[in-house]
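So the protein sequences, as listed, match chains G and E.
Counting with the numbering used here, you get residues 1 to 109 for the letters of the first sequence.
Counting with the numbering used here, you get residues 1001 to 1230 for the letters of the second sequence.
Think of the CB as a built atom: it goes at the ideal place given N, C-alpha and C, for glycine as much as any other residue.
Keep in mind that this is a model prediction, so the values were computed, not measured.
The block underneath contains the structure these notes are about, expressed in structure tokens.
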Amino acid sequence: MDRKTLLLFIAGGLIVALGLAFFVSPLASSSPDGLERVAIDQGFAGTADEHAAADGPLADYGVKGVEDEGLSTGIAGVIGVAVTFGLGMILFGLLRAARARRTEPASDA
Amino acid sequence: MHIPDGFINAGTSLAAGVASAGGVGVCLKRAAATMEEKQAPLAGLVAAFVFAAQMLNFPVALGTSGHLLGGVLATVLVGPWAGAICIALVLFVQALFFADGGLSALGLNVLNMALIGGLGGFVVFRGIRGVLPRTRSMVVAASAVAAGVSVVLASIGFFVEYAIGGVGDVSLGAMFAATVGVHVLIGIGEAVITGLTVSAVLAVRPDLVYGARDLLPRLEIRPSEPVGRN
């Protein structure tokens, strides 16, 4: 497997994801989503509790302290993509290593 | 599609949490047994891409929006086990850092979007592919249709959970119609985005699409040439 084109593909895909998160997410619809719409129309939207992390620095996809709404959303998106990618690389790297250990048990002396 | 805290009672949320933990545990075990070298970074990318795509709410009807759930996209690209883990990871990050999806409802959301939408959607994808010709464009078509169906399945998951443990007093018939109705519309968006993305990856690196592996030219296995033995 050619590692170089795989790395290029991953880098390119990551740029697309970061671009979507930074440039496009501020333009996304802020209307209630399908589940919220059902909750509103069926009259139980009010039973939702405030989220435990509602005062967190990234709550509701905005960075606390950044006044410009679009920029705040964009930066929060970039942080989310980076954090998800980082955690994913660690998690899937560990899973990959688990398989490598199982299939090549005698590789280290 | 993210259930907040307070919609569904503690007992039902807990039961869903136990079921989801078991389901994700199975996925981790199976992924650890099958994960190939090139799949690990790809799965990380898929999770990051789904996070970004889930922020992009598109309008579906008057005053309502929807966004990609990504279950079929992830499982078609990296396989059912790693794909479902990608979605669970995205939901975990969203609930923990972005106040999206209740912490007590994380099990419900993982059940609906990662397990029903992801694993269930992959089963639908396999079923559709089984009756279609074995070509790349049919992989795209099957992933698009399965993606649309997966959104409706996930929304039915929410409906059933609400019917069991919902705290509000609703007419179940009306709620079922409303839930499925709006998610059919969102499913169309899911189908379009999933089809376009799978088609783009197939065009660039067809070997990276788990759901199209059977279309790759078979590698010929033969004994290696003896080197330096003369």
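Asked: Step through the CB atoms of chain G and report whether any lies within less than 7 Å of the CB of E/R1205.; Found: yes
Asked: Would you verify that the beta carbon of G/L95 is, or is not, closer than 7 Å to some beta carbon of chain E?; Found: yes
Asked: Run through chain G and tell me which residues come within less than 7 Å of E/I1186, C-beta to C-beta.; Found: G34
Asked: With DSSP collapsed to three states, give me the class of E/S1065.; Found: strand
Asked: Tell me the DSSP bridge mates of E/I1008?; Found: E/G1166
Asked: Check whether the Cβ of G/I40 lies closer than 7 Å to any Cβ atom in chain E.; Found: no
Asked: Using the C-alpha atoms, what's the distance from E/K1029 back to E/Y1210?; Found: 18 Å
Asked: Answer yes or no: does any C-beta atom of chain E fall closer than 7 Å to that of G/S107?; Found: Confidence at G/S107 is low in this model, with a pLDDT of 47, below 50, so its placement is unreliable and the value that follows should be read with caution. Answer no: the Cβ-Cβ gap between G/S107 and chain E never drops below 7 Å.
Asked: Using 7 Å as the limit for Cβ to Cβ distance, is E/F1049 near chain G?; Found: yes
Asked: Applying a beta-carbon distance threshold of less than 9 Å, which residues of chain E neighbour G/L60?; Found: What sits at residue 60 of chain G in the sequence shown is Asp, not Leu. Within chain E, the residues near G/D60 are F1098, A1099, D1100.
Asked: Does DSSP classify E/V1060 as helix, strand or coil?; Found: strand
Asked: Taking C-beta pairs closer than 9 Å, name the residues in chain E that G/D68 reaches, listed in chain order.; Found: None at all; the shortest Cβ gap to chain E is about 17 Å.
Asked: Using only the alpha-carbon positions, how far apart do E/I1186 and E/H1002 sit?; Found: 14 Å
Asked: At which residue ranges does the segment 1109-1193 of chain E contain complete alpha helix (DSSP H) runs of 4 or more residues, listed in the order of the chain?; Found: 1121-1130, 1136-1165
Asked: Going by CA-CA distance only, name the one from E/A1174, E/D1207, E/R1218, E/L1215 that's closest to E/Q1039.; Found: E/D1207
Asked: Note down, one range per segment and in chain order, each alpha helix (DSSP H) of at least 4 residues found wholly within the segment 1031-1108 of chain E.; Found: 1039-1054, 1071-1078, 1080-1097
Asked: Are three or more beta carbon pairs between the segment 1118-1137 of chain E and the segment 71-83 of chain G nearer than 8 Å?; Found: no
Asked: So is E/A1040 in contact with chain G if we call contact Cβ pairs under 7 Å?; Found: yes
Asked: Does chain G have any CB closer than 7 Å to the CB of E/A1191?; Found: no
Asked: Report yes if the CB atom of E/N1109 is closer than 7 Å to the CB atom of E/L1096, and no otherwise.; Found: no
Asked: Using 7 Å as the limit for Cβ to Cβ distance, is E/A1214 near chain G?; Found: Position check: residue 1214 of chain E holds Asp in this sequence, whereas Ala was assumed. No, its Cβ sits nowhere closer than 7 Å to a Cβ of chain G.
Asked: Grab the span of the alpha helix (DSSP H) containing G/G34 for me, first residue to last.; Found: 34-41
Asked: Tell me, to the nearest whole angstrom, how far the beta carbon of G/R37 is from that of E/M1035; I am working on the premise that it is less than 8 Å.; Found: Their Cβ separation, rounded to whole angstroms, is 38 Å, which puts G/R37 and E/M1035 out of contact at 8 Å.
Asked: What does the alpha-carbon distance come out to for the pair G/V16 and G/A52?; Found: 31 Å
Asked: Could you list which residues in chain E have their beta carbon closer than 8 Å to that of G/G65, in chain order?; Found: In chain order: nothing, as chain E lies at least about 16 Å away.
Asked: Please report whether the beta-carbon of E/A1178 lies at a distance below 7 Å from any beta-carbon of chain G.; Found: yes
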